[in-house]
Every structure is written in C-alpha cells, then in structure tokens.
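Peer 1: This is the structure I have questions about; it appears just below.
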Amino acid sequence: MARDPRYDILFEPVQIGPVTARNRFYQVPHCNGMGRKHPTSMAVMRGIKAEGGWAVLCTEQCDIHVTSDSEREIHLWDDRDIPYLARMTDEVHKHDGLAGLELTHMGYHAGNYMGREIAMAPSAKPAYGNAPFHARTMDKTDIADYRRWHRNAAIRGKKAGFDIICVYAGHSLSLPMHFLSPRHNHRTDEYGGSMENRVRLLREVIEETKDAVGDTCGVVVRIAMNEMMGPKGITPDFEGRAVMELIGELPDLWDVNVADWENDSQTSRFSEEGCQEDSIRFVKSMTSKPVVGVGRYTSPDKMVSLIKGGVLDMIGAARPSIADPFLPRKIEEGRPEDIRECIGCNICVGTANQNTFMRCTQNPTMSEEWRRGWHPEVIAPKDTDDRILIVGAGPAGLEAARALGQRGYDVMLAEASAELGGRVTKESRLPGLETWARVRDWRIGQLHKMPNVEIFMDSKMTPETIRETGANLVALATGATWRRDGSGRYHDYPLESAARHAGHVFTPDDVMDGADMEGPVVVYDDDHYYMGGVIAEELARKGRTVSLVTPDASVSSWTAFTLELGRIQTRMREKGIALYLDHALTKVDDGELEIEDIHSSRTEWINCGSVVMVTAQDSNDALYHQLMADEAANQTAGIRRISRIGDCYGPGPIAAAVFGGHRYARELGAPIGDDVPWKRETIELSEVI
Ligand code: ADP
Ligand code: SF4
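Right, here's the structure in full:
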C-alpha cells in the first residue's frame, strides 16, 4: 500500500553534522538489560529496529571509565571493549541505520560496586540513593582526566563503527549535568557559580568530542531541560534557556527530555502521551540544529503535528520502538493501523531493572530476536495441518490465535463471555489503566484480517464441547482467579476466619465485576505489584472510605522497578487512603479486622465493613484437568496435545500471558526438554581479556 502523503514529512532526511539520518525516526538511548553481558542479543535487537525503519539507533548508557561502573549497562573502558560494540554497529548498518553511542560518566550516581573506585562529583556528597558511599570532590586533575577519558571513549566509539556520539547530560545521572546543577555544584572555581562556569565542562566535552571524531561522526547532546522539582533543580526557564543561549549551536543535534528517569519514562497511569512538550518546546526557537524529543508517541498524525508545529525535528522513541520495532515501516508502507502501540506500562523498564533481558507487554519477541530467533514481524508458515482450538480470549489466547493465524493455521478461538480481552478488558477500566486496552485492541484488529481464524463468543467450553470441535491441538488460556482466603506471600495457609466471614471478603475480580460492598473497605495487599494500589484507588473513586494494609514497607513495592513507586505513594495520600505499612492481616471478623505489625507482632483491630484480598491467584486449570482425565476420549476425538498457556499455566503480569500465547504459536506447546531452549553467549575461559 502507498504511504499517505500526509506522512511524507516523517520520511525526510535529517542532517546530523557529517551524517544523514534517512528519516525522522530516532531511537533514543534506552537500557535493555542485555548490553555488556549479552552483546549479540543487544546488537540484533537494535538491528531489527533499523530494519523496521528507525533511522538512528542508540545504545544504552556506555560508561567511559572505571570510575563510572554500572553492572547492567555497556562500557568502553579500553580498546578491549570495542569488538562487542562493533557487533551492534554492524547490525544497524546492515539495515541502513545510523548507530549512536551514549557516552556516560555517572558521577555521584555511580555505585562502582564492581571496580570499587571512589565516585566523583563536582562537590562531595553521599552517593545516589542509599548506597553507603560518598562521592569525592573532583579537583582540576580529575576534571582533566574526565575530559581525556571522554575523548578516548569517543575515539573508541568511532573505531567501533558508531556514526553518532552522544554526550550525555541527562536524567540527573551524568557528570556534565551535575556540574550544570546548582544543587550538585557548590564549587567556587571556574567550573562553579555562574551559569557560564557551570556550563563550562559540558562545553569543553562537546568541543573535544567534535575535535576528536566530529569529522565523521555526528556529535549529539542528550540533556534534561527540567528536573521537575521547581527552582531547586534545573528548569527550562533558567538553566535550559541559558544552556541554549551559551552553546545552542555547538552540537550537531539536541536530544532533549526531562529528568530524572521517573519523570522521563512516566507510565500511562500517571501521564499522557507528550507530557514533556511544555518543558522542551522552547528549544527549537533557540538553535538551528535539529531537535529530538520523546513522549511515548505512537500516532503518525501527532508526529506530523510536532514537526509542522516546530516542536521537534525528529521523533524520539524508546518505548514505542520496543513495543513496535517496525513502527516507521508500517507508516511508510501505508498501514499505520498495524502499529502495535506501547501501552505505557513500563514492564520493559521493570525487567531491565532486574539486570537482564527486558521484556515488553505488547511485543513478546523483545530480547528474543537473537537468542530464540524470534523476529517481531516474521513467523514461520505452518508446517502441519493441525486445526487448533484456543479456549479463552484474554491476552494469552488473543496473542496465540493471532500468531497462529499469521502462520496460516486454522484456528478456533472460543470465549466464554460476551467480550474479548479477558483480564485486560477488566483491568483497563480501573483508574489510570485505560491505555492497557491496546493489548486487546491491536490483536483484535489483526485477527479481523485473518479469514483462517474463527472467533466464537459466549462459548463456555467443556471437555465434551472441546472434543466436538475437531481440533487436533488445544490450548487452554482460561486465565486465573484471585484467591479470597488470605494466603499468599505472608500467610502460607488460608486464614480460617476469612472463610467464616466470607460475606465480608472480596477479591479484585469482585471489584472489577462491580460487587456491592458494605462499610469502610480494607484492601489487603500481599501481592506488591500494581493491583492493590489500583483497587484502593478505584474504591476511593467510588466514594468508599478505604484503608490499605500491607506487610511491605511501601504500597506496590515492585513498582520501584517500573519507576512508579513514588507516584503511587503520593496517589494513596491524595486519595485519602489510610495506610498500615509493615502490617499483615491476621483475622477477619464482623465489622473489624485484626492486623499485626510484622516486626513486633503487636496486634490491633481496625474498623472494616469489607476486605479485598489482593494476595495471590489460582490458575483456572480445572478444565485442563478434566480433559486430561480421559485420555481415551481425547484420542478418539483426534486431539494430540493439550496445553495450558498464560495465567492458566502460571499467573503473572500481562506481559507473561502475551509471551506465553506467542510462544505457543511458535512451538505448538512442545515440551521444554532437557537443554536450554535459547542460544547463550558463553564466555570461553581462554578468552580472558
Ligand atoms: P490470560 O491473561 O492468561 O490471557 P485472562 O484471565 O485474561 O487470561 O483470560 C481468560 C479468558 O478465558 C477470559 O476471557 C475467560 O472468560 C475465558 N474463559 C475461561 N474459561 C473458559 C471456558 N471454559 N471456555 C471459554 N472461555 C473461557
Ligand atoms: Fe511500552 Fe509496556 Fe512495552 Fe514498555 S513494556 S514498551 S511500556 S508496552
């Protein structure tokens, strides 16, 4: 199909110093958990995005020296680091992309747990977060060293084949930004005090990078224009404008955002698409150089309006490029409705923060490109004549049916209820989670184009009806149900009192189904991801008096990884939800609950009309066991394999259900076997560097 001429502007080339980006799609640096330990996985992931049409593909942060060591990210500490990064530039160049390298020194943010060097800062201060170290004040020698290290790393980057070298001054975690910021920089020499002095180091590093590699590489600055903390931090009106006045013409491109990462990569629960625009809009008026910005942009119309409106020259994206590595190609080929839009859930961030392969709720092939050989757009055509029945149309069932349909299989998708989407449909009605419905909607859109997939609504399947379908393969994607007995992480066994007072006990499923509840409500959260907090918010939205009890020290503690933790604590307080942290529910009674301080075991009674147990889920696998109980009947019906996928197999985040559905479509439920089911990058012992 031909591209819509309205989108032609997105495919204009952009000059970045000595190099030319083929279009306006710029994948900004983003961590992914693979880099240094799994360099081929990282390289192929970036290469596939280049194949998908992204003109510029940047690395994650790349530490330039051992005084900045982060275990998860990549580094260019010396020449021995060049070859593994060259893998990425090779993959990107294969598909005509430009490879960008984000050179980083984290200053006082560097934990340096690996190399044990003392961290450095413009002015001495405790290390970032709660690390039990201090960073020392950099003297003139340190500053000269840092400049030399940066220059050396830029030269190594050029040797590794990078086309763009990015000077990193963003996210409150980079040395040039620490020098820029009065809250970190208390110096009285020529690097502190006046704006001109605080910009000095950034200016020097840009000039030296241009001098070292600017003949063949574009030199880009990634910088935060707003720390979102008012006058205490960097603001667009003060430091932002001053930087642009002083060095606006120095780099070949400005990649501008807000700091810190929690503000830059906000989830859809807390921010709209384009929430950074007010902070960065001024930049273009202060430079003739191209400007890149991010905002979870997935709509080509919005992208065009940003460019025509003079806000941006290139559309920056991390998450939209993860959710759909082929986003630019889909616009170019005139099929923007095929774009798999990011839902803004930050599972990608949350899993990369586990220091390993990131995953994506929308894109189950993310990080699997090399190790499992999964391409986001290409899947092997069917190689059997199996007719396949998928039972349940939640995220697992929908993805399995879609990917099997793409392979050309005859697929029947049977759903008990009158709506598709399972948990995604229900959860997307909870406060802040509306965008999650994209998981369902994209898959339904794709399924409607597939004549070989039949969807049966209002079809609650039983062993008998399953055997009547004529399917050879059956996948049960029947989901999971929240437990109502109080057992979970804290309590290994059911709370007997919960069963005795069952009339007062509810679950998230009940709340999502609109259950009527009495009196003040207590949410007992022993799950620790989003559900407890969201259910409390939903009940508060309905006007209930809500308390939240959790054995954890904060609400929804796993969301520290998805960068939502702080905002969730604030939201609980804004909504007037009373918090009992470090407390477990121990007894349910009429009109009250007993809770226990988990450290002192001291108990107290709190007023409660109803309690919502957010503790654990049970797989809905009864149907599976009923089917498996009569193997002879299955054989007679021609069924050769029965599998469980998604939450029916193991409850977890939506990303895991989508992954399970996708995997089923690729492997048809084949057993895991004895060997590791993916390729590994093992380090040979003889390869000591
Ligand atoms: P997952 O996250 O694993 O996809 P969900 O709970 O979102 O699981 O979806 C499960 C879906 O399966 C729901 O839409 C539910 O209505 C459907 N379902 C459950 N049991 C049956 C059944 N016996 N026959 C058909 N559909 C079923
Ligand atoms: Fe977007 Fe969620 Fe995928 Fe991250 S994990 S790219 S936020 S859909």
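Reminder that position 154 of the sequence shown reads as 756 in our numbering, one-by-one numbering, no gaps. The beta-carbon is built from N, C-alpha and C at its ideal position, and this holds for glycine as well. Values in this document were obtained by computation on a predicted structure and should not be read as measured data.
Can you check the region 918 to 985 for any alpha helix (DSSP H) of at least 4 residues that lies completely inside it and give the ranges in chain order?
Peer 2: 921 to 925, 929 to 934, 949 to 954
Peer 1: Are the beta-carbon atoms belonging to VAL769 and LEU700 less than 7 Å from one another?
Peer 2: no
Peer 1: Is it true that the region 671 to 681 meets the region 792 to 807, where meeting means three or more beta-carbon pairs spaced less than 8 Å apart?
Peer 2: Under the three-pair Cβ rule at 8 Å, the region 671 to 681 does not count as touching the region 792 to 807.
Peer 1: Considering only the alpha carbon of each residue, which of HIS736, ARG824, ALA1267, VAL668 lies closest to GLN1008?
Peer 2: ALA1267
Peer 1: Rounded to whole angstroms, what's the CA-CA distance from GLU971 to MET960? Just pull it up for me.
Peer 2: 12 Å
Peer 1: With distances taken Cα to Cα, identify the nearest neighbour of ALA712 among HIS667, LEU855, PRO631.
Peer 2: Measuring from the Cα of ALA712, the nearest candidate turns out to be HIS667.
Peer 1: Tell me which residues share the same chain as ARG785 and place their Cβ nearer than 8 Å to its Cβ, disregarding the 5 neighbours each side in the sequence.
Peer 2: Closer than 8 Å at the Cβ level, and outside the excluded window around ARG785, lie LYS834, GLY835.
Peer 1: Is any heavy atom in the ligand SF4 found nearer than 6 Å to the beta carbon of GLN964?
Peer 2: Yes, the Cβ of GLN964 comes within 6 Å of a heavy atom of the ligand SF4.
Peer 1: Return the chain-ordered list of same chain residues with a C-beta closer than 7 Å to the C-beta of PRO930, the five sequence neighbours on each side being excluded.
Peer 2: ASN625, PHE627, GLY654, GLY655, TRP656
Peer 1: Hey, GLY1024 and GLY996: beta-carbon distance below 7 Å or not?
Peer 2: yes
Peer 1: Quick check: is any heavy atom of the ligand ADP less than 6 Å from the C-beta of GLU1017?
Peer 2: GLU1017: yes, Cβ under 6 Å from the ligand ADP.
Peer 1: For the ligand SF4, I want to know if ALA925 counts as a neighbour, meaning its beta carbon is within less than 6 Å of at least one of the ligand's heavy atoms.
Peer 2: yes
Peer 1: Taking 7 Å as the limit between beta carbons, can you name the residues of its chain near LEU1006, skipping five residues before and five after?
Peer 2: ILE990, VAL1013, ALA1267
Peer 1: Taking ARG1004 and LEU1049 to be in contact with their CB atoms under 8 Å, please state how far apart those CB atoms are, rounded to whole angstroms.
Peer 2: 6 Å
Peer 1: So does the region 1211 to 1220 actually touch the region 1088 to 1103, counting three or more Cβ pairs closer than 8 Å?
Peer 2: yes
Peer 1: Taking the alpha carbon of MET916 as the reference point, which residue from GLY816, ILE924, LYS932, TYR899 has its own alpha carbon closest?
Peer 2: TYR899
Peer 1: Rounding to the nearest angstrom, what Cα-Cα distance links GLN663 and HIS632 in this structure?
Peer 2: 7 Å
Peer 1: Can you tell me whether GLY946 sits near the ligand GDP, meaning its C-beta is under 6 Å from at least one heavy atom of the ligand?
Peer 2: Ligands present in the displayed structure are limited to the ligand ADP and the ligand SF4, and the ligand GDP is not among them.
Peer 1: Beta-carbon separation of TYR1182 and ILE1197 under 7 Å?
Peer 2: Yes, the Cβ-Cβ distance between TYR1182 and ILE1197 is below 7 Å.
Peer 1: By the 10 Å Cβ neighbour count, where 16 or more other Cβ atoms means buried, how is GLU943 classified, buried or exposed?
Peer 2: buried
Peer 1: Of the choices ASP1127, VAL858, PRO1255, VAL1123, whose alpha-carbon is the least far from that of GLY1145?
Peer 2: VAL1123
Peer 1: Quick check: the region 814 to 824 against the region 753 to 772, are there 3 or more CB pairs under 8 Å?
Peer 2: yes
Peer 1: Looking at ASP866 and the ligand ADP, is the gap between the Cβ and the nearest heavy atom below 6 Å?
Peer 2: It does not: the Cβ of ASP866 is nowhere closer than 6 Å to a heavy atom of the ligand ADP.
Peer 1: Let me make sure I understand the geometry here. Which of LEU1270, MET1119, ARG605 has the alpha-carbon closest to that of SER1245?
Peer 2: LEU1270
Peer 1: Considering only their Cβ atoms, is the gap separating GLU693 from ALA645 smaller than 7 Å?
Peer 2: Taking 7 Å as the Cβ cut-off, ALA645 and GLU693 qualify as a contacting pair.
Peer 1: Report all residues from its chain with a CB closer than 6 Å to the CB of THR967; omit the five preceding and five following residues, and keep chain order.
Peer 2: Scanning its chain for C-beta atoms nearer than 6 Å, with the 5 sequence neighbours on each side dropped, one finds around THR967 the residues TRP976, PRO978, in chain order.
Peer 1: Which one or two residues does DSSP pair with GLY702 in a beta bridge?
Peer 2: CYS660, ILE766
Peer 1: Specify the secondary structure class of VAL913 as computed by DSSP and reduced to three states.
Peer 2: Of the three classes helix, strand and coil, the one that applies to VAL913 here is coil, per DSSP.
Peer 1: State buried or exposed for THR869, treating a residue as buried only when at least 16 other CB atoms are found within 10 Å of its CB.
Peer 2: buried
Peer 1: Within the continuous alpha helix (DSSP H) that includes HIS695, where are the two ends?
Peer 2: Per DSSP, the unbroken alpha helix (DSSP H) holding HIS695 starts and ends at 684 to 696.
Peer 1: Checking the sheet assignment: what are the DSSP bridge partners for ALA1231?
Peer 2: According to DSSP, ALA1231 bridges with nothing at all.
Peer 1: Taking only the alpha-carbon atoms, compute the straight-line gap between ARG605 and ARG937 and give it to the nearest angstrom.
Peer 2: Whole-angstrom Cα-Cα distance: 8 Å.
Peer 1: Of all the beta strand (DSSP E) runs that stay within the bounds of the region 727 to 776, which reach a length of 3 or more residues?
Peer 2: Within the region 727 to 776, the complete beta strand (DSSP E) runs of at least 3 residues are 736 to 739, 766 to 771.
Peer 1: Classify ALA1016: buried if its beta carbon has 16 or more other beta carbons within 10 angstroms, exposed otherwise.
Peer 2: buried
Peer 1: Classify SER881: buried if its beta carbon has 16 or more other beta carbons within 10 angstroms, exposed otherwise.
Peer 2: Buried, since its Cβ has 16 or more Cβ neighbours within 10 Å.
Peer 1: How about TYR941: is its Cβ closer than 6 Å to a heavy atom in the ligand SF4?
Peer 2: Residue identity differs from the one stated: residue 941 is Ile in this sequence, not Tyr. No - the ligand SF4 has no heavy atom lying nearer than 6 Å to the Cβ of ILE941.
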